[in-house]
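Undergrad: Counting from 1, position 61 in the sequence shown corresponds to residue 61 in UniProt numbering; the numbering is continuous, with no gaps. This is the structure I have questions about; it appears just below.
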Amino acid sequence: MSDFEGLTALVTGGASGIGRAAADLLAERGARVAVLDLDPSSVGAPLTGYRADVSDDASVRAAVAAAVDGLGGHGVLDVLVNNAGVGARGTVETNSDDEWHRVFDVNVLGMVRTARACLPHLRASAHAAIVNTCSVAATAGLPQRALYSATKGAVYSLTLAMAADHVHEGIRVTCVNPGTVDTPWVGRLLDAADDPAAERAALEARQPTGRLVSAAEVAGAIAYLASPLSGATTGTALAVDGGMQGLRPRPA
Ligand code: NAD
Numbered sequence: 001m002s003d004f005e006g007l008t009a010l011v012t013g014g015a016s017g018i019g020r021a022a023a024d025l026l027a028e029r030g031a032r033v034a035v036l037d038l039d040p041s042s043v044g045a046p047l048t049g050y051r052a053d054v055s056d057d058a059s060v061r062a063a064v065a066a067a068v069d070g071l072g073g074h075g076v077l078d079v080l081v082n083n084a085g086v087g088a089r090g091t092v093e094t095n096s097d098d099e100w101h102r103v104f105d106v107n108v109l110g111m112v113r114t115a116r117a118c119l120p121h122l123r124a125s126a127h128a129a130i131v132n133t134c135s136v137a138a139t140a141g142l143p144q145r146a147l148y149s150a151t152k153g154a155v156y157s158l159t160l161a162m163a164a165d166h167v168h169e170g171i172r173v174t175c176v177n178p179g180t181v182d183t184p185w186v187g188r189l190l191d192a193a194d195d196p197a198a199e200r201a202a203l204e205a206r207q208p209t210g211r212l213v214s215a216a217e218v219a220g221a222i223a224y225l226a227s228p229l230s231g232a233t234t235g236t237a238l239a240v241d242g243g244m245q246g247l248r249p250r251p252a
């Protein structure tokens, strides 16, 4: 039997990149999967896409209700992958208050809103799990990423606090901390660089494995944390960062 046979899952930001890879993998392993995204037009069977903006509470509540209904699990949701997020470049001097509010609204409050809408359905599951997509930026000081890093620091703390709040209800809460992952997001970042090849080489060199992480590798970690195989794991982060956080560069 597959790990997720008979289980239901909801993935935000699941139309692209890490979220899409996670949704595909959960479906491959037997789950019925709903994807919530700003633009779900690329999402097709066996996944079901729903339009939602995680920065809008009414939109999240309506989409979660429709998705849980559509999953056909009689209101039971087993897995929430809280993944939708946006990037931000800059320092505390260059990002405006409006940018800080906008990015926190998506990256942090988006996860809060989605979790709030999903919790009643997760409580009905026999082995519920929430996996938040955090980042190595939560715990490593990255230049030009003050705002983005602060949102991911908040996601990390939120993961621990939510794990504490819901452990007695049998709901596990964890996060993945990816390094730089080869997704359309990073493609856009490279396209905007003066020298995309040099920028890519610099991103690869930042990770001791010497290459970018693949979306499938992050999806594998998400699937492990979402599955009953990790039933004793809650309130912690799993790094998927090519050794970026934990290893020191090899001496020359
Ligand atoms: P991506 O841009 O390829 O995919 C993000 C998806 O989220 C898109 O489909 C987009 O439409 C959706 N989305 C964005 N804002 C939304 C909103 N307000 N409501 C609903 N959906 C929304 O990006 P990705 O690289 O797959 O990133 C996914 C997550 O992984 C993000 O939380 C990001 O912070 C995190 N992350 C990415 C990297 C990386 O290097 N790519 C590294 C660490 C963490």
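Ideal placement from N, C-alpha and C gives every residue a C-beta, glycine not left out.
#1: By the 10 Å Cβ neighbour count, where 16 or more other Cβ atoms means buried, how is LEU7 classified, buried or exposed?
#2: Among ARG206, ALA84, CYS118, which has the Cα closest to the Cα of THR151?
#3: Can you round the beta-carbon distance between VAL79 and ALA31 to whole angstroms, since I take them to be within the 8 angstroms contact cut?
#4: Taking 8 angstroms as the cut-off, does the region 220-230 touch the region 154-169 (at least 3 CB pairs, one atom from each stretch)?
#5: Checking the sheet assignment: what are the DSSP bridge partners for ASP37?
#6: Just list the residues that DSSP pairs PRO178 with in beta bridges.
#7: Less than 8 angstroms between the CB atoms is what I'm expecting for VAL103 and VAL81, so what's the real figure, rounded?
#8: Taking the straight line between their C-alpha atoms, what separation do you get for PRO143 and VAL92?
#9: Below 6 angstroms CB to CB, which residues in the same chain sit around GLY235 once its five sequence neighbours on both sides are set aside?
#10: For the beta strand (DSSP E) that ASN95 lies in, which residues bound it at each end?
#11: Quick check on the DSSP output: what are the complete alpha helix (DSSP H) runs of length 4 or more inside the region 62-132, in order along the chain?
#12: Taking Cβ positions, are VAL176 and ALA124 nearer each other than 7 angstroms?
#13: Hey, how far is the Cα of SER55 from the Cα of PRO208?
#14: I'd like the list of long-range same chain contacts for GLY210, defined as Cβ closer than 8 angstroms, with 5 residues on each side in sequence excluded.
#15: Specify, as a first and last residue, the run of the beta strand (DSSP E) that ALA9 falls within.
#16: Use the C-beta contact count for ARG250: other C-beta atoms within 10 angstroms, 16 or more gives buried, fewer gives exposed.
#17: Tell me whether ASP241, by its Cβ, gets closer than 6 angstroms to a heavy atom of the ligand NAD.
#18: If you run the structure through DSSP and keep just helix, strand and coil, what is VAL43?
#19: Between which two residues does the alpha helix (DSSP H) containing ARG188 stretch?
#20: With a threshold of 16 other CB atoms inside 10 Å of the CB of ALA27, please say whether the residue is buried or exposed.
#21: With DSSP as the reference, label SER157 as helix, strand or coil.
#22: Leaving aside the five residues before and after GLY246 along the sequence, list all residues of the same chain whose C-beta is less than 8 angstroms from its C-beta, in chain order.
#23: So, VAL33 versus ALA23, is the Cβ gap smaller than 7 angstroms?
#24: Would you mind giving the Cβ-Cβ distance between GLY110 and LEU147, rounded to the nearest angstrom? I have them listed as a contact below 8 angstroms.
#25: In angstroms, rounded to a whole number, what distance separates the CA positions of ARG37 and VAL64?
#26: Would you kindly report the start and end of the unbroken alpha helix (DSSP H) that includes PRO196?
TA: With the given structure in hand:
#1: Here residue 7 is taken as the residue at index 7 of the sequence shown, counted from 1. Counting Cβ neighbours within 10 Å, LEU7 comes out buried, since at least 16 surround it.
#2: Within the sequence shown, residue 151 is the residue found at index 151, counting from 1. When only C-alpha atoms are compared, the closest one is ALA84.
#3: The residue given as residue 79 occupies position 79 in the sequence shown. The residue given as residue 31 occupies position 31 in the sequence shown. At roughly 7 angstroms, the Cβ-Cβ gap stays under 8 angstroms, so VAL79 and ALA31 are in contact.
#4: no
#5: The residue labelled residue 37 in the question sits at position 37 within the sequence shown. Per DSSP, ARG51.
#6: Along the sequence shown, one-based indexing puts residue 178 at 178. Paired residues: VAL240.
#7: As a working mapping, residue 103 is identified with position 103 in the sequence shown. As a working mapping, residue 81 is identified with position 81 in the sequence shown. Their Cβ separation, rounded to whole angstroms, is 20 angstroms, which puts VAL103 and VAL81 out of contact at 8 angstroms.
#8: Start at 1 with the first residue of the sequence shown, and residue 143 comes out as number 143. Start at 1 with the first residue of the sequence shown, and residue 92 comes out as number 92. Each residue's Cα considered, the two are about 11 angstroms apart.
#9: As a position in the sequence shown, residue 235 is number 235, starting the count at 1. Answer for GLY235: LEU160, ALA163, listed in chain order.
#10: Reading the sequence shown from its first residue, position 95 is the one you call residue 95. Careful: ASN95 lies outside any beta strand (DSSP E) and carries neither H nor E.
#11: 97-107, 109-122
#12: For the purposes of this step, residue 176 is identified with residue 176 of the sequence shown, where counting begins at 1. For the purposes of this step, residue 124 is identified with residue 124 of the sequence shown, where counting begins at 1. For VAL176 and ALA124, no; Cβs fall outside 7 angstroms.
#13: Translated into positions along the sequence shown, residue 55 becomes position 55. Translated into positions along the sequence shown, residue 208 becomes position 208. Roughly 35 angstroms separates the two Cα atoms.
#14: Against the sequence shown, residue 210 aligns to sequence position 210. Only GLU204, GLY242 meet the Cβ criterion.
#15: Translated into positions along the sequence shown, residue 9 becomes position 9. ALA9 -> beta strand (DSSP E) spans 8-12.
#16: The residue given as residue 250 occupies position 250 in the sequence shown. Counting Cβ neighbours within 10 Å, ARG250 comes out exposed, since fewer than 16 surround it.
#17: In the sequence shown, counting from the first residue as 1, residue 241 sits at position 241. No - the ligand NAD has no heavy atom lying nearer than 6 angstroms to the Cβ of ASP241.
#18: Here the question's residue 43 lines up with position 43 in the sequence shown. Looking at VAL43 - three-state DSSP - the assignment turns out to be coil, as it is neither helix nor strand.
#19: Counting from 1 along the sequence shown, the entry for residue 188 is found at position 188. Where ARG188 is concerned, the enclosing alpha helix (DSSP H) stretches over 184-191.
#20: As a working mapping, residue 27 is identified with position 27 in the sequence shown. ALA27 should be labelled buried.
#21: Residue numbering aside, residue 157 sits at position 157 when the sequence shown is read from its first letter. Here SER157 sits in helix by DSSP.
#22: Counting from one through the sequence shown, the residue named residue 246 turns up at place 246. Within the same chain, GLY246 has close Cβ partners ALA239.
#23: Numbered from its first residue, the sequence shown carries residue 33 at position 33. Numbered from its first residue, the sequence shown carries residue 23 at position 23. Result yes, Cβ atoms of VAL33 and ALA23 sit closer than 7 angstroms.
#24: Within the sequence shown, numbered from 1, the residue matching residue 110 stands at position 110. Within the sequence shown, numbered from 1, the residue matching residue 147 stands at position 147. Contact flag wrong, Cβ pair sits at about 15 angstroms.
#25: Position 37 of the sequence shown, counting from 1, holds the residue named residue 37. Position 64 of the sequence shown, counting from 1, holds the residue named residue 64. The amino acid at residue 37 is misidentified as Arg; the sequence shows Asp. Roughly 11 angstroms separates the two Cα atoms.
#26: Here residue 196 refers to the residue found at position 196 of the sequence shown. Where PRO196 is concerned, the enclosing alpha helix (DSSP H) stretches over 196-205.
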